[in-house]
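See structure below.
Protein chains: 2
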Amino acid sequence: MYSWEQNIRKVIPYTPGEQPKEKDIIKLNTNENPYPPAPGVAKAIKEFDTNSLRKYPDPLIGKLVHSIAVNYGMRDEEVFVGVGSDDVLATAFLTCFNSDKPIIFPDITYSFYDVWAKLFNIPFETKALDENFKIVTEDYLCDNGGVIFPNPNAPTGELMELDEVERIIAANRDVVVIVDEAYIDFGGTSAKSLIKKYDNLLVVQTYSKSRSLAGMRIGFMLGNEKLVKYINDVKYSYNSYTLSNLTIEAGVASMEDTAYFEECVKKVIDVREWTKVELKKRGFIFGDSKSNFIFAKSDRMSGNKLFEELKKRKIYVRHFSKPERIDDYLRISIGTAEEMKIFMEKLDEILGL
Amino acid sequence: MYSWEQNIRKVIPYTPGEQPKEKDIIKLNTNENPYPPAPGVAKAIKEFDTNSLRKYPDPLIGKLVHSIAVNYGMRDEEVFVGVGSDDVLATAFLTCFNSDKPIIFPDITYSFYDVWAKLFNIPFETKALDENFKIVTEDYLCDNGGVIFPNPNAPTGELMELDEVERIIAANRDVVVIVDEAYIDFGGTSAKSLIKKYDNLLVVQTYSKSRSLAGMRIGFMLGNEKLVKYINDVKYSYNSYTLSNLTIEAGVASMEDTAYFEECVKKVIDVREWTKVELKKRGFIFGDSKSNFIFAKSDRMSGNKLFEELKKRKIYVRHFSKPERIDDYLRISIGTAEEMKIFMEKLDEILGL
């Protein structure tokens, strides 16, 4: 051990899903969109004046902030943009969760929440999902230092109805409530309509799933102007220039093509519903996912075994070995119709159906 | 005041130099490179397969890490890459500066250091520069919680010789010493050769100045493998995917074109030396900058007045009103030969020469 190690912050980092380098795989492990980004994105990148990269980008990310604001019926001052929703959420944790009381979130949820809490020394408590993997609203009406949950939840895909979301926000007016809507476009109703009513609400969304731009790193947050200002102050205290002008142009091009966005989302939903029917036929157990993935377990093979068998056949899904309660489940991202057909064929082969 | 505000982290953010939207200005205020990025960067961006943006980028940033390692004679495990050197430095602060003892840095230096310290609740103390704006090595040989300084220093441009840098590193083996070399390519000797000898050393560099890619947001750090691992753990606990594959390709293309890099750096140095001669003729007072800017004061007009007069004539330089000791100085980035000629003409007009 080196003598400087005593002052080092030691953390156990989040492990993202694999990004295999092989070309001929079916990748259903990181909830990416199977369709390419809007055609305008390619155009924006090809036509970008690369000589302008010698200069710093717009620190206000103004053009993209405005584009998002217009699209969601907000004012520019109510929009915050970051390097993917992970950057947005981490910045919000650092800014908003400074109480001595624990923040609360579900026990089975996005695995980054406890990582951020540990990184920033934020006390936290988890609340167990019910036997159907549903969030129990009543658990979130207690005294706490802040609330965060995804809607739909990950990795379960379970949606909470908007009136239940509102109950949680209304019961927690003295802390910030973050609704992480990474998957909301695939079948839920966003809580953004509640921002006018609740100044303690932050709604986080991302370009990574419904907008097919996981690789571009754009996430955003909608909320009360004053709250957004505080979060921007922390952002500007960390890094003035987070998004390149190239990323900003790509983000604007994507946001402007609503028809393409809706078409891709509809295709994902259609394939998801087909996948549910096919999984049911094969004896799988799963809830009514409203996201771009299905969290399912086989009635005849362990999660780990099935994960490994699929991998041998070049199909990557996500398996969480902890907690034990979910270790027989696989999180299966929705690919193209063709990919899901091959997935079913491989399942039949593995399960001997 | 809203009731949730009691738990908010409130900070006074860093104010970056202006990025004016006007087109016909001469911009000498943010130390950008006046020459475009290497030709290979434009090619990499034009040829990039934008459909691949639907997928997450390589979380290891492997291709760029390797390219930097090869270029600087390091192993991949000794290289950390982030969203500009601000992201690299902020992550290093969060990871390495966790002592109860104050970290130390110069009183006149990069204005982000105290902002990060305040953001992360890191105690700090500043050490005064001497009457020639030089860092006093002896001040950094005391008991402390960590050391950081830029070399050359900003906004002074003053270079510390490598043997002095080594004295500071050697005297602080039980804490991490960060040498921030944003401007080192313009005339200094990097401390990277000392990494094999000192496991407590981190050397930070950036693509923003000498590589003409401020807009792309790439910074990097070289250091002991174990130290780099700790910093990567914190990075992966904050955001798994920080650089897009598009940024990675651009970064590799830039790193591979050493001839273009050296040519641009030489041009900046030549114009800087010409600028020194011309400023001296006009009665300016300044040190022997080894960076891509000159920190100078006029013998006949206040810093603020000169800043405003230049701005009226569409020339932007940087003026720091605090501390008082430097409020008559302007930080003038080195533009093209043509831009600096116009700058001199405007100075003559303003100063009545």
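Residue numbers (my numbering), protein chains in the order written: chain A, 2 to 354; chain B, 2 to 354. By construction, the Cβ of each residue, glycine as well, lies at the ideal position given by its N, Cα and C atoms.
Rounded to a whole number of angstroms, what is the C-alpha to C-alpha distance between A/N240 and A/E79?
Here residue 240 of chain A refers to the residue found at position 239 when the first sequence is read from its first residue. Here residue 79 of chain A refers to the residue found at position 78 when the first sequence is read from its first residue. Looking at the two C-alpha atoms, the distance is approximately 20 Å.
To the nearest angstrom, how far is it from the Cα of A/K28 to the Cα of B/F106?
Translated into positions along the first sequence, residue 28 of chain A becomes position 27. Translated into positions along the second sequence, residue 106 of chain B becomes position 105. If I take the Cα positions, the gap works out to 48 Å.
At which residues does the beta strand (DSSP E) containing A/D181 begin and terminate?
Numbered from 1 along the first sequence, position 180 holds the residue referred to as residue 181 of chain A. Unbroken beta strand (DSSP E) run through A/D181: V178 to D181.
Around the C-beta of A/I69, are 16 or more other C-beta atoms found within 10 angstroms, so that it is buried, or is it exposed?
Along the first sequence, read from residue 1 onward, the residue named residue 69 of chain A stands at position 68. Buried: at least 16 other Cβ atoms inside 10 Å.
Residues of chain A with a CB under 9 Å from the CB of B/K313: which are they?
Numbered from 1 along the second sequence, position 312 holds the residue referred to as residue 313 of chain B. Simply none; closest approach about 22 Å.
So A/R168 and A/T127 are supposed to be a Cβ contact under 8 Å. How far apart are they, rounded?
Position 167 of the first sequence, counting from 1, holds the residue named residue 168 of chain A. Position 126 of the first sequence, counting from 1, holds the residue named residue 127 of chain A. With a Cβ gap of about 19 Å, A/R168 and A/T127 do not count as contacting.
Given this structure, state the Cα-to-Cα distance separating A/M302 from A/L352, to the nearest angstrom.
The count along the first sequence starts at 1 and reaches residue 302 of chain A at position 301. The count along the first sequence starts at 1 and reaches residue 352 of chain A at position 351. Take the alpha-carbon of A/M302 and the one of A/L352: they are about 8 Å apart.
Quick one: is A/G74 buried, meaning 16 or more other Cβ sit within 10 Å of its Cβ, or exposed?
Counted from its first residue, the first sequence places residue 74 of chain A at position 73. A/G74 comes out exposed.
Identity of the residue in A/K230, A/V178 and A/V166 nearest A/I149 by Cα
Residue mapping note: residue 149 of chain A aligns to position 148 of the first sequence, counting from 1. The option with the nearest alpha carbon to A/I149 is A/V178.
Any chance the stretch 221 to 230 of chain B sits against the stretch 263 to 280 of chain B, with 3 or more Cβ pairs inside 8 Å?
no
Check whether the Cβ atoms of B/K210 and B/E350 sit closer than 9 Å, and answer yes or no.
Taking the second sequence and counting its residues from 1, one reaches residue 210 of chain B at position 209. Taking the second sequence and counting its residues from 1, one reaches residue 350 of chain B at position 349. The answer is no: Cβ separation not under 9 Å.
Between A/T96 and chain B, is the shortest Cβ-Cβ distance under 9 Å, so that the two count as touching?
Counted from its first residue, the first sequence places residue 96 of chain A at position 95. It does: the Cβ of A/T96 has a partner Cβ on chain B nearer than 9 Å.
Which chain B residues sit within Cβ distance under 7 Å of A/S4?
In the first sequence, the residue the question calls residue 4 of chain A occupies position 3. Correct list: R174 and D175.
Chain A partners of B/Q206, CB-CB under 7 Å?
Locating residue 206 of chain B in the second sequence gives position 205, where the first residue counts as 1. Ordered by position in chain A, no residue passes the 7 Å Cβ test against B/Q206, which lies about 16 Å from the chain.
Residues of the stretch 44 to 76 of chain B with a CB closer than 8 Å to any CB of chain A: list them in chain order, please.
Correct list: I46, K47, F49, T51, N52, S53, L54, R55, K56, Y57, P58, D59 and P60.
Cutting at 8 Å between CB atoms, please list the residues of its own chain near A/A297, excluding the five before and the five after it.
Taking the first sequence and counting its residues from 1, one reaches residue 297 of chain A at position 296. The residues are L280, F285, I286, F287, Y330, L331 and I333.
Counting contacts by CB-CB distance shorter than 9 Å, is B/Y141 in contact with chain A?
Along the second sequence, one-based indexing puts residue 141 of chain B at 140. Chain A, which has no Cβ nearer than 9 Å to the Cβ of B/Y141, makes this no.
Cβ of A/N305 within 9 Å of any chain B Cβ:
Mapped onto the first sequence, residue 305 of chain A falls at position 304. Judged by the 9 Å Cβ criterion, A/N305 is not in contact with chain B.
Could you tell me how far apart the beta carbons of A/G189 and A/N152 are, in whole angstroms, since I believe they sit closer than 8 Å?
Numbered from its first residue, the first sequence carries residue 189 of chain A at position 188. Numbered from its first residue, the first sequence carries residue 152 of chain A at position 151. About 6 Å; that satisfies the 8 Å criterion.
In chain order, what residues of the same chain lie with their CB nearer than 6 Å to the CB of A/S300, ignoring the 5 residues before and after it?
Residue mapping note: residue 300 of chain A aligns to position 299 of the first sequence, counting from 1. Inspection of the sequence shows that residue 300 of chain A is occupied by Asp rather than by Ser. Here the set comprises G284.
Which residues in the same chain have their Cβ closer than 6 Å to the Cβ of A/Y36, if we skip the five residues on either side of it in sequence?
The residue given as residue 36 of chain A occupies position 35 in the first sequence. The beta carbon of A/Y36 lies closer than 6 Å to those of S213 and C265 in the same chain, with the five residues before and after it left out.
I'd like the ranges of any beta strand (DSSP E) spanning at least 3 consecutive residues and lying wholly in the stretch 110 to 172 of chain B.
Runs found: 125 to 128 and 148 to 151.
Please decide whether A/R218 counts as near chain B, where near means a Cβ-Cβ distance under 9 Å.
The sequence position of residue 218 of chain A within the first sequence is 217, counting from 1. Yes, contact with chain B.
How about A/A118 and A/V205: are their beta carbons less than 9 Å apart?
If you number the first sequence from 1, residue 118 of chain A lands on position 117. If you number the first sequence from 1, residue 205 of chain A lands on position 204. With respect to the 9 Å criterion, A/A118 and A/V205 are not classified as neighbours on the basis of their beta carbons.
Test: A/V82 CB closer than 9 Å to a CB of chain B
In the first sequence, counting from the first residue as 1, residue 82 of chain A sits at position 81. Closer than 9 Å: no.
Under 9 Å, do B/I219 and B/V82 count as touching if we go by C-beta distance?
The count along the second sequence starts at 1 and reaches residue 219 of chain B at position 218. The count along the second sequence starts at 1 and reaches residue 82 of chain B at position 81. Result yes, Cβ atoms of B/I219 and B/V82 sit closer than 9 Å.
Please state whether DSSP places B/G220 in a helix, a strand or coil.
By one-based count along the second sequence, residue 220 of chain B stands at place 219. B/G220: strand per DSSP, three-state reduction.
What does DSSP give as the partner residues of A/K28 in its beta bridges?
Start at 1 with the first residue of the first sequence, and residue 28 of chain A comes out as number 27. BP columns for A/K28 point to A/Y317.
Chain A within 9 Å of B/A260, Cβ atoms only:
Position 259 of the second sequence, counted from the first residue, corresponds to residue 260 of chain B. It does not; no Cβ of chain A falls within 9 Å.
What residues from the stretch 12 to 31 of chain B come within 7 Å of chain A, judged by C-beta to C-beta, listed N to C?
V12, P14, Y15, P17, Q20 and T31
Nearest CA to the CA of A/I13: which residue from B/V235, B/A192 and B/I26?
Working through the first sequence from its first residue, we reach residue 13 of chain A at position 12. It is B/V235.
Given that a residue counts as buried once 16 or more other Cβ atoms are within 10 Å of its Cβ, and exposed if not, what is A/S255?
Reading the first sequence from its first residue, position 254 is the one you call residue 255 of chain A. Buried, because 16 or more other Cβ atoms sit within 10 Å of the Cβ of A/S255.
Just curious, the beta strand (DSSP E) that A/G83 is in, first and last residue?
As a first step, residue 83 of chain A must be located in the first sequence, where it is residue number 82. Following the DSSP letters along the chain, one finds A/G83 inside the beta strand (DSSP E) bounded by residues V80 to G83.
Below 7 Å on C-beta distance, what does B/I9 contact in chain D?
In the structure shown, chain D does not exist; the protein chains are A and B.
Closer than 9 Å between beta carbons: that is the criterion. Which residues of the stretch 234 to 268 of chain A meet it against chain B?
D234, V235, K236, Y237, S238, Y239, N240, S241, Y242, T243, L244, S245, N246, L247, T248 and A251
What separation, rounded to the nearest whole angstrom, lies between the Cα atoms of B/G18 and B/K135?
Counting from 1 along the second sequence, the entry for residue 18 of chain B is found at position 17. Counting from 1 along the second sequence, the entry for residue 135 of chain B is found at position 134. B/G18 and B/K135: Cα-Cα distance of roughly 24 Å.
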